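K.L.:
Take this structure, written in structure tokens, and hold onto it; I'll ask about it next.
In my numbering, the protein residues as written are 2 to 502.
Right, here's the structure in full:
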């Protein structure tokens with residue numbers, strides 16, 4: 002009678018009864034990472050009707066060595082090395098940026114606080130992704146063991162991923178609020194930002210973990226397999242990216258509108274400014290991730306370039322935002338120059354003083370006036386448009402706006418009566434400085450009052466004026482006794498987007 006080897010399932014493939022003395026063939030499983038499903042696996046059936054037994058393990062053995070795609074394995078190792086190297090560089094630059102932000106008291110505005118939260122989330126994400134690629138992806142035994150710390154690391158990484166996206170959303174939301182609402186309490190705004198950036202992702206990831214834990218097939222290999230529960234995280238991420246894109250379009254629109262009214266040649270200048278603003282804000286808002294879903298088909302010649310490009314794009318985001326919003330930030334450069342000028346006055350000139358004669362740098366009052374008036378106009382129009390859908394509140398909004406403008410004028414008049422020397426100094430500028438300029442880094446105050454820093458809270462003014470040639474350096478203001486004192490969080494209106502200029 003004919004002898005057959007019995008049917009066997011080796012954990013990957015099912016082998017049908019095979020005639021003794023022959024070699025069975027089976028397609029390589031496509032669900033195994035690194036296998037090419039277009040290749041064949043082999044299993045030897047002996048003359049006595051028994052399957053081949055491996056001499057080292059003493060068990061029946063199927064030959065899957067031909068299934069291994071060596072080129073794909075080399076590519077995956079290269080991509081893993083790129084991720085580890087990119088995350089390491091990003092982590093180091095983010096830590097340096099955070100040290101800089103915490104070292105200077107002048108870097109304490111709301112915009113910088115949001116940067117600190119974003120940079121912290123990116124640094125933590127980089128650190129734990131390095132751990133993931135070094136101790137999980139490169140070690141198959143850890144994946145097969147499916148230990149608790151590995152699953153916990155998976156959940157932590159997805160939490161930090163959501164935190165990154167939501168803080169990038171908060172960056173765009175803050176810039177949008179500054180342009181549209183202008184006057185907003187920073188304490189209230191930061192509370193909402195912290196809730197959105199840290200607490201909301203915790204709720205979503207907890208829900209994701211609970212749902213996925215109820216599906217046994219999705220809880221293997223450190224939860225690396227695809228799962229429908231990922232939609233609980235994918236939908237909020239997509240929403241944040243779409244909202245960030247809307248914020249970017251609005252920022253560019255406002256920038257073009259402002260430049261068209263202040264520049265004698267608005268077309269080329271506006272195009273350059275808009276392009277620069279777009280390129281700067283894309284990594285801050287995380288909009289480069291919009292390109293990642295457009296992945297070439299597996300086996301396509303472009304897949305290799307996509308994998309390498311995606312690894313560079315994702316892992317080096319921390320380096321990019323550190324360079325753009327810390328190392329190249331004009332506030333950071335100013336603070337560092339001021340600090341170095343104390344110890345090396347001969348080598349580093351104080352940035353507030355120009356090289357020709359030590360006179361303070363100046364800027365056009367018309368440009369600053371346009372900036373302040375644009376901010377107020379945008380705020381008033383936004384309030385009316387948002388509430389115009391409810392006619393019962395429209396008249397009350399008009400009344401509130403008129404009352405607010407009247408109160409602002411009253412506060413200016415009171416301050417002018419209490420401290421006349423502060424406002425008289427604006428008319429005593431040296432002739433060489435001109436009569437229609439504000440000192441460097443000043444903003445033109447509301448209602449054509451003297452130069453000063455305008456804050457978000459009603460009536461609060463940070464005077465910034467000259468007295469007999471004496472000036473306060475940037476980051477300080479003159480109090481009622483004439484002394485220069487430090488101010489904190491005293492920038493509003495369009496000052497928060499000065500980096501776009």
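Note that CB positions come from ideal geometry on N, CA and C, so glycine has one too. None of these values were measured; they are calculated from a predicted model.
Going residue by residue through the region 125 to 197, where are the continuous beta strand (DSSP E) segments of at least 3 residues, counting only ones entirely within it?
P.N.:
Counting only runs of 3 or more, we get nothing.
K.L.:
If you draw a straight line from the C-alpha of residue 315 to the C-alpha of residue 17, how long is it?
P.N.:
45 Å
K.L.:
Is the closest heavy atom of the ligand SAH to the C-beta of residue 210 under 7 Å?
P.N.:
Here there are no bound small molecules, and the ligand SAH is not part of this structure.
K.L.:
Considering only the alpha carbon of each residue, which of 180, 160, 63, 45 lies closest to residue 258?
P.N.:
180
K.L.:
Locate the beta strand (DSSP E) running through residue 26, then write down its first and last residues.
P.N.:
24 to 28
K.L.:
Would you list the residues sitting across from residue 61 in a DSSP beta bridge?
P.N.:
54
K.L.:
May I have the straight-line CA-CA distance separating residue 328 from residue 32, to the nearest angstrom?
P.N.:
45 Å
K.L.:
Buried or exposed: which applies to residue 136, given that a residue is buried once 16 or more other Cβ atoms fall within 10 Å of its Cβ?
P.N.:
exposed
K.L.:
According to DSSP, simplified to helix, strand and coil, what is residue 9?
P.N.:
strand
K.L.:
How would you call residue 1, buried or exposed, if buried means at least 16 neighbouring beta carbons within 10 angstroms?
P.N.:
Nothing about residue 1 can be read from this structure; the chain reaches only from 2 to 502.
K.L.:
With DSSP as the reference, label residue 305 as helix, strand or coil.
P.N.:
helix
K.L.:
On the criterion of 16 or more Cβ atoms from any shown chain inside 10 Å, does residue 48 qualify as buried, or is it exposed?
P.N.:
exposed
K.L.:
Alpha carbon to alpha carbon, how far is residue 75 from residue 94?
P.N.:
29 Å
K.L.:
Within 10 angstroms of the Cβ of residue 241, are there 16 or more other Cβ atoms? Answer buried if so, exposed if not.
P.N.:
buried
K.L.:
Tell me whether the beta-carbon of residue 503 lies closer than 8 Å to the beta-carbon of residue 43.
P.N.:
Outside the shown range of the chain (2 to 502) lies residue 503, about which nothing can therefore be said.
K.L.:
In or out: residue 505 buried (at least 16 other Cβ within 10 Å) or exposed?
P.N.:
What the structure shows of the chain is the stretch from 2 to 502, and residue 505 is not part of that stretch, so it cannot be assessed.
K.L.:
So, using beta-carbon positions, are residue 336 and residue 128 closer together than 8 Å?
P.N.:
no
K.L.:
Looking at the structure shown, is residue 93 part of a helix, part of a strand, or coil, going by DSSP?
P.N.:
Residue 93 falls in the helix class under three-state DSSP.
K.L.:
Is the region 183 to 196 close to the region 154 to 162, with three or more CB pairs under 8 Å?
P.N.:
no
K.L.:
Determine the extent of the alpha helix (DSSP H) in which residue 296 is found, giving its start and end residues.
P.N.:
No alpha helix (DSSP H) contains residue 296, which DSSP labels as neither H nor E.
K.L.:
Quick one, which of 37, 5, 34 has its alpha-carbon nearest residue 24's?
P.N.:
5
K.L.:
What does the alpha-carbon distance come out to for the pair residue 312 and residue 298?
P.N.:
17 Å
K.L.:
Kindly give me the distance between the Cβ atoms of residue 119 and residue 169, rounded to whole angstroms, as I take these residues to be in contact under 8 Å.
P.N.:
Right, their Cβ atoms sit about 7 Å apart.
K.L.:
For the region 33 to 40 against the region 67 to 86, do three or more pairs of beta-carbon atoms, one drawn from each stretch, fall closer than 8 Å, so that the two count as touching?
P.N.:
Remark: three or more beta-carbon pairs, one from each stretch, lie closer than 8 Å, so the region 33 to 40 and the region 67 to 86 are flagged as touching.
K.L.:
Can you grab the Cα-Cα spacing for the pair residue 142 / residue 222, in whole Å?
P.N.:
10 Å
K.L.:
So for residue 19, helix, strand or coil by DSSP?
P.N.:
In the structure shown, residue 19 sits in a strand (DSSP, three-state: E or B).
K.L.:
Please look up how many angstroms separate the CB atoms of residue 87 and residue 317, rounded, as I've assumed it's under 8 Å.
P.N.:
5 Å
K.L.:
Can you list, in chain order, the residues of its chain with a C-beta nearer than 7 Å to that of residue 10? Leave out the 5 residues immediately preceding and following it.
P.N.:
none
K.L.:
For residue 45, name the three-state secondary structure that DSSP assigns.
P.N.:
strand
K.L.:
If you follow the alpha helix (DSSP H) that residue 32 is in, where does it begin and where does it stop?
P.N.:
Taken as a continuous stretch (DSSP letters only), residue 32 belongs to no alpha helix (DSSP H), as it is neither H nor E.
K.L.:
Whole-angstrom Cβ separation of residue 326 and residue 116, contact assumed at under 8 Å?
P.N.:
Sure, about 6 Å apart at Cβ, within 8 Å.
K.L.:
I'd like the list of long-range same chain contacts for residue 345, defined as Cβ closer than 8 Å, with 5 residues on each side in sequence excluded.
P.N.:
Excluding positions up to five away in sequence, the list is empty.
K.L.:
For residue 99 versus residue 124, is the C-beta distance shorter than 8 Å?
P.N.:
yes
K.L.:
Nearest by alpha-carbon distance to residue 202: which of 171, 219, 15, 182 is it?
P.N.:
Closest option to residue 202, Cα to Cα, is 171.
K.L.:
Beta-carbon separation of residue 28 and residue 41 under 8 Å?
P.N.:
For residue 28 and residue 41, yes; Cβs fall inside 8 Å.
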